[in-house]
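Counting in the working numbering, the sequence shown runs from -7 upward without gaps.
Ideal placement from N, C-alpha and C gives every residue a C-beta, glycine not left out.
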Amino acid sequence: MSQWSQVQQLEIKFLEQVDQFYDDNFPMEIRHLLAQWIESQDWEAASNNEAMATILLQNLLIQVDEQLDRVSQEKNLLLIHNLKRIRKLLQGKYHGNPMHIAVIISNCLREERRILAAASMPVQGPLEKSLQNSVVSERQRNVEHKVSAIKNSAQMTDQDVKYLEDLQEEFDFRYKTIQSLEQSDKNSALIKQEMLALQAMLNTLDYKRKEVLSKIGRVIHEIDMLMSNMLTEELLDWKRRQQIACIGGPLHGGLDQLQNCFTLLAESLFQVRRQLEKLDELLTRLTYDGDPIPVQRPQLLEKVNFLLYNLFRNSFVVERQPCMPTHPQRPMVLKTLIQFTVKLRLLIKLPELNYQIRVKATIDNNRRFVLCGTHVKAMNMEESANGSLSVEFRHLQPKEMKSSAGSKGNEGPHMVTEELHSISFETQVCLYGLTINLETSSLPVVMISNVSQLPNAWASIIWYNLSTNDPQNLSFFNNPPAAPLSQLLEVLSWQFSSYVGRGLNSEQLNMLAEKLTGQQVSYNDYQLSWAKFCKEHLPGKSFTFWVWLEAILDLIKKHILPLWIDGYIMGFVSKEKERILLKDKTPGTFLLRFSESNLGGITFTWVDQLENGDVTFHSVEPYNKGRLSALPFADILRDYKVIMADNVPENPLKYLYPDIPKDKAFGKHYSCQPNEVSKPSDGGGKGYVPSVFIPVSKILNDSTDPHSPSDLLPMSPSVYAVLSEHLSPTVIETAVCCKLFHS
């Protein structure tokens, strides 16, 4: 089943997450129509290879053309129209930058895998639960309801102001009519009656002025209370959800809803401002003793302007944190002289501001780094698929300045990966006589000068965003706090779900908890130090816990990803637990686990039964990325052979734990069918025997015999058959390179 088919079977709450990252940058129609073709291409490799990306973009357009031909025959007018529009959009948008669409598609496929992995996990962790609780959802609904009510109140007050204006015009007309009469006419009974009517009208005007000012005051008070409480909390929650999403957590939504609230409040405040301006006009035409307008209007206008300043300042946000396109799963880690992207949005979406706001990007004030590239751009509503007022910087790159002595500072392999920096943005809004200076900053970033620093830099980003919701604590690592182990384990599972498409289950997390703490603990209450996570070496090892885990992530990503996604790699299980699981199983049952003593290694252990009925276990020396580059791991499992004493070599791996036939589990991942044994004359070009790599191990009966070095022996089945006819097992043993641990 294709990945897209699996996505379509998800529950609605997960489908809503999928919907969030498909827009005009990569329309969902194309994802749906070309699902199998898209999944069969290597978009991640193309995101770093312009020539490959160019070819893939051309092939994508060809695929769209073929779909156009098909739907044209079916006379599906709507789909024809959409496909023509999408083709034009794709060609125009990515013709000059084909790697950009490769990055986008790669990210979409990765997010789909992460969501599929999240959907398969039975229990939410404490962090995810805290982000999705019912209290937050209820507050979101209350905010939207109150904003709508405020908008309606402001519009109703508009009608009151219009009624007041009409009433005053009538009063002006009748008053001026009387004033134009001769003095003798003013003493008539009719005029005196009219004067009494004017006095009653003036009393009504006074009452309506007080009423309108009171209603305006209530609207302002409601906006003030909403901004001070629920809206501020909503914005802080969104920023916290963004932090968590950046380190692999659930996708954060809600920014469009916040934009709607901010925009409606801004519109209401400007509407109130116009109402106060209208009252000022009425004041110039008529005032009297006890007139409430000159007393109340200045205070109300000052409050409105204050709220507008605050609303605009809070509305300027970093929508997408700084990230190198080459490492989309590692945001906020920036390499010197490598471009990164960052996107900002103004949550107040007013047409008058389109292309009127120019944003300037800078780096923190220590003058150690500068930003090269286009660092001033105008916000507009055309670049975003949803029409938001935003700007995306795509060509910024940090450069380290030379020190005053002429030598470089800390640039090089020893750059500190716990040193935090900030990308700052500033702009100015001029609207309706108001001038508002806006500033915002990215979450803290870590600068590196060499890709080898990326793992430790990413560990710093994880620890910071897990431990604090302070967006600008650049001195955080001067005294980094401990983190709740339960939350850390949840984040570690996210590293696997976001980076390699499948998270960790409770048993795997328990093993990691024991490795981190050195004991079996109730990790709900345990606090883990930063040093334990990333600074101190594991007991008896020359590497830290994080380096060990990162090496496993890299191994999965590059060499065993399909097997991991299928869930056939138990991975995180100790040797002791491994034997408990296997001891009562059928001989030939095996499991796959990651090496605890070798960086980036995977091994397999199987159970066997001796002639006397005793159970024994065998573990092959771990395979690392060097060996797995030469031979796919699934093929190793299929072709693996063991020589026991003088016996014929045979594959001891029969059932994947608990009882899955090996070929049923891994058959679809075999690169080809195993070669049949043949004689030299049966095949091969120019009389040569076709050859394949076969992993072979020798189990030594005498446990005191030294083990031989581990490697893979390049030997075809036919060659082995010929050698075994003419050579003794002892001679063959000298050629065997895979070491086997026997117990």
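Between the beta-carbon of V95 and that of P320 there is about 6 Å, and that keeps the pair under the 8 Å contact cut.
Put simply, of S416, G246, N590 and L388 the residue whose alpha carbon is nearest the alpha carbon of T333 is L388. Per DSSP, I428 is not a residue of any alpha helix (DSSP H); the beta strand (DSSP E) it occupies stretches across L426 to S433. Only residues of its own chain outside the window of five on either side were considered, and among them L25, L26 and L75 have a CB closer than 8 Å to the CB of Q59, listed in chain order.
Under the three-state reduction of DSSP output, D600 falls in the strand class. Pairing G532 with L504, the inter-Cα distance amounts to about 17 Å.
The alpha-carbon of C526 is positioned some 26 Å away from that of K231. The beta-bridge partner set that DSSP reports for M324 is empty.
In this chain, the beta strand (DSSP E) harbouring A353 covers R350 to I355.
Three or more Cβ pairs drawn from the segment 272 to 279 and the segment 146 to 166 lie within less than 8 Å of each other, which places the two stretches in contact.
Secondary structure note for P390: its beta strand (DSSP E) is the uninterrupted segment L381 to E392.
In this structure M148 is exposed. Its beta-carbon is surrounded by fewer than 16 other beta-carbon atoms within 10 angstroms. Secondary structure remark: continuous alpha helix (DSSP H) runs of at least 4 residues inside the segment 276 to 323, in chain order: 285 to 307. For V640, the number of other beta carbons within 10 angstroms of its own is below 16, and it is reported as exposed. For I415, the secondary structure class from DSSP, reduced to helix, strand or coil, is strand. A straight line joining the alpha-carbon of L484 with that of A449 spans about 15 Å. Under a 10 Å Cβ-count criterion, Q50 is classified as exposed, with fewer than 16 other Cβ atoms of the shown protein chains found around its own Cβ. If the five residues before and after L53 are omitted, its C-beta is found closer than 8 Å to the C-beta atoms of R79, L82 and Q83, all from its own chain and listed in chain order. When only Cα atoms are considered, I142 and T279 end up about 30 Å apart. Counting only runs of at least 4 residues, the segment 124 to 188 fully encloses the following alpha helix (DSSP H) elements, listed from N- to C-terminal order: 126 to 171. Residue state for E642 is assigned as strand, using DSSP reduced to three classes. As the crow flies, the alpha-carbon of A475 is around 11 Å from that of A523. Going by beta carbons, E226 and L250 fall inside the 8 Å limit.
By the Cβ criterion, the segment 453 to 465 is not in contact with the segment 281 to 297, since fewer than three pairs of Cβ atoms, one from each stretch, lie closer than 8 Å. For M44, the enclosing alpha helix (DSSP H) stretches over residues E42 to E66. Setting aside the 5 residues that flank it on each side, L501 is surrounded in the same chain by L481, each with a C-beta closer than 6 Å to its C-beta; the list follows chain order.
Residue range S498 to T509 is occupied by the alpha helix (DSSP H) that includes M503. Going by beta carbons, Q511 and L477 fall outside the 8 Å limit. Nearest to D576 by C-alpha distance, out of Q171, V607, D11 and K85, is V607. Only residues of its own chain outside the window of five on either side were considered, and among them M222, E225 and E226 have a CB closer than 7 Å to the CB of R131, listed in chain order.
Classified as exposed, S621 has fewer than 16 neighbouring CB atoms from the shown chains inside 10 Å of its CB. As summarised for the segment 432 to 457, the continuous beta strand (DSSP E) elements at least 3 residues long and confined to that stretch are 437 to 440, given in chain order.
Rounded to the nearest angstrom, the gap between the Cα atoms of R265 and I212 is 10 Å. Here N195 carries a helix assignment [DSSP, helix/strand/coil]. If you draw a straight line from the Cα of Y560 to the Cα of L48, it comes to about 32 Å. Taking every protein chain shown into account, the CB of W556 has 16 or more other CB atoms within 10 angstroms, so this residue is buried.
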